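Just so we're aligned, residue 24 is where the sequence shown starts under the working numbering, counting upward by one. We treat Cβ as the ideally placed atom computed from N, Cα and C, and that holds for glycine. The structure presented is a predicted model; accordingly, all values stated were derived computationally and were not measured. Below: the structure, in structure tokens.
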Amino acid sequence: MKKFIYALFFLLILGCDGIEEEATPNSEIIDLQILDRDGEPTQGGIVGDGATTLMLRANIPKNADNAFRNITFSTTEGIFEQTGMNTQTKRVNTEGEASVIFKVPLSDDEIFFTAEISSGEDVYNANNSLKLIDVDEVVTLAVLDSKEQTLNGSVRADGNTILTLSATVNFNQNNFNQVIFKNSGGGSFLGVNATEGRANIDENNTALMQYQVPNKVGRIFFEASIAANDFIFSKENLDLEPSYPDQMVLEPSTISIALGSNISIDAYLIKSIGKVSEGTRPDFKAFQLDDSNEEVPVGRFTGLPAAVTDGEGKVSVDFFADSLNMDITKPIYIRASSQDDMGDTISEQIQLELTQ
């Protein structure tokens with residue numbers, strides 16, 4: 024904090040020859056300090072959070088003339104708690120001291136304070152200033168992998184991957200002891216409420232929280248805020264990529280189908296680790312083989328617009344064996360296909376007996 028002392032208060036002591044012999048500096052007439060609310064020296068920087076309160080304390084000589092015993096405090100930003108304004112006047116006690124409580128604004132500006140005493144044309148003041156810390160600079164939130172390392176590549180919505188949220192407190196570490204983590208968009212914090220969890224700030228001024236991704240593609244929003252002051256927070260987001268199957272299983276409601284009738288078919292999209300993302304859409308094809316062993320599309324599927332996986336990787340369609348090109352002497356093949364995480368095509372097919 025910088026202290027600015029303006030003007031000089033001159034006490035003229037004139038000798039018999041009329042020559043000025045002594046001048047008293049303004050700083051010896053009035054002094055202004057910025058303290059914490061309890062009147063102790065501030066520890067670290069002050070965050071411009073719109074909520075923190077400080078004490079301004081001014082001192083004048085305790086034997087000062089009665090005309091100078093009212094001190095007017097003023098500020099360029101923020102308000103004084105008692106008046107709700109940017110000025111407050113207070114009378115000093117017998118020790119020549121007066122204190123007021125000041126609430127910082129939501130700002131990162133430098134604030135200038137003045138304590139002033141006056142009588143008629145005689146005005147003396149002390150000045151002080153305070154550079155506020157932006158609330159956005161107090162906490163830094165990072166989304167890391169399960170080993171607390173920088174993410175390498177995309178994160179898939181597989182319902183299994185574990186991430187680490189790391190919130191580092193950059194200022195006023197001694198005043199804070201916990202961070203509140205929140206998320207929206209799915210997934211859960213391990214061992215706590217699905218969307219909110221608390222973690223202590225360690226000796227490295229960092230709080231950690233593990234998070235398990237959902238199996239639904241989309242953007243996840245994270246927030247880390249200081250438990251003692253939710254005006255102080257940091258936000259990050261993460262876009263989850265689709266998690267595709269490693270294999271597929273088809274289960275028809277029956278292994279034979281009569282010409283002109285229909286059956287239901289359930290497809291299960293499976294991963295060896297984790298789950299397939301909800302909303303994954305496989306492709307379905309029904310065909311017979313002609314005499315040249317070429318695939319000839321037959322029949323039709325219904326429900327395809329809604330044929331996407333649920334949270335467990337299941338998707339259902341209905342197949343109708345009702346096209347005019349059906350060959351009653353040959354089986355029908357049903358194939359479902361998708362891509363895997365590497366972009367390669369995987370598929371599974373079943374054979375249905377066609378009857379009259």
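Exposure of residue i, with buried meaning 16 or more beta-carbon neighbours within 10 Å
i    : result
N227 : exposed
M108 : exposed
T298 : Correcting the residue identity first, residue 298 is Lys in this sequence and not Thr. Its Cβ being crowded by 16 or more others within 10 Å, K298 is buried.
K239 : buried
E45  : Note that E45 scores 47 on pLDDT, short of 50, meaning its location in the model is unreliable; the coordinates nonetheless yield the value given after this. With fewer than 16 other Cβ atoms within 10 Å, it is exposed.
K113 : buried
E335 : exposed
K85  : exposed
F204 : buried
Q374 : exposed
N175 : exposed
I249 : buried
F103 : buried
Residue i versus residue j - alpha carbon distance
i    : j    : result
I53  : M78  : 16 Å
S141 : S207 : 57 Å
S50  : L213 : 58 Å
L312 : S287 : 22 Å
A217 : L231 : 16 Å
T173 : N223 : 22 Å
V338 : G210 : 22 Å
N384 : N116 : No information on residue 384 is available, as it lies outside the stretch 24 to 379 that the chain covers here.
N198 : L58  : 15 Å
S91  : E144 : The question names Ser, but residue 91 in the sequence shown is Phe. The alpha-carbon atoms of F91 and E144 are separated by roughly 12 Å.
S169 : G182 : 14 Å
Residue range of the unbroken beta strand (DSSP E) whose run includes residue i
i    : result
N223 : 219–223
R304 : Per DSSP, R304 belongs to no beta strand (DSSP E) and is neither H nor E.
F204 : 201–207
E139 : 133–142
Q372 : 368–378
T191 : 185–192
M232 : 229–235
V272 : 270–275
Q105 : Element bounds for Q105: n/a, residue is neither H nor E.
Q362 : 355–362
Supposed contact pair residue j and residue i - C-beta distance, whole angstroms, cut 8 Å
i    : j    : result
D345 : G283 : 5 Å
D131 : G71  : 5 Å
F380 : V127 : With the chain covering 24 to 379 only, the question about residue 380 has no answer from this structure.
K258 : L164 : 7 Å
R60  : I124 : 6 Å
Contact test: residue i Cβ vs the ligand MN heavy atom, cutoff 8 Å
i    : result
V202 : This structure does not include the ligand MN; it has no bound ligands of any sort.
Answer yes if the region 355–363 comes into contact with the region 264–281, meaning at least three C-beta pairs across the two stretches below 8 Å, and no otherwise.
yes
Counting beta carbon pairs with one atom in the region 141–155 and one in the region 183–196, are three or more of them shorter than 8 Å?
no
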